[in-house]
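Presented below is the structure to which this report refers.
Numbering (full-length UniProt numbering), first residue to last: 1 to 90.
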């Protein structure tokens with residue numbers, strides 16, 4: 001199964017370690033919250049916190065498109081992300 005979700009490798013590794021399931025609707029905010037709540041609380045969590053303020057308006061702008069993808073393809077699971085990047089859970 002291929003994924004149309006692209007992210008930097010380091011972010012993919014974090015998602016795989018934290019086993020987040022990301023909905024396509026408001027996925028930027030969901031990813032930020034997942035990384036904050038399941039992360040190690042370091043500088044990355046602080047960056048993700050401030051990124052919420054940018055992700056929320058961006059996710060709102062593309063809401064019709066992501067709603068369509070959510071209905072047709074469902075959520076982005078960590079399994080899909082990990083398999084597409086060959087990252088193992090630690």
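Even for Gly, the Cβ is constructed at its ideal location relative to N, Cα and C.
Give every residue of the same chain whose Cβ lies closer than 8 Å to the Cβ of residue i, excluding the five residues on either side of it in the sequence, and list them in chain order.
i, result
"residue 29", "52, 55, 56, 59"
"residue 49", "32, 36"
Under the three-state reduction of DSSP, which class applies to residue i: helix, strand or coil?
i, result
"residue 76", "strand"
"residue 22", "strand"
"residue 62", "coil"
Please classify residue i: is it buried, with 16 or more other beta-carbons within 10 angstroms of its beta-carbon, or exposed?
i, result
"residue 68", "exposed"
For residue i, collect the residues of the same chain with a Cβ closer than 6 Å to its Cβ; drop the 5 residues on either side in sequence, then sort them by chain order.
i, result
"residue 73", "none"
"residue 45", "36, 39"
"residue 66", "24, 25"
Leaving out the 5 sequence neighbours to the left and right, which residues in its chain are closer than 7 Å to residue i when beta-carbon positions are compared?
i, result
"residue 77", "21"
"residue 75", "21, 22, 23, 24"
What is the residue span of the alpha helix (DSSP H) that residue i lies within?
i, result
"residue 39", "Where residue 39 is concerned, there is no enclosing alpha helix (DSSP H), given that its DSSP letter is neither H nor E."
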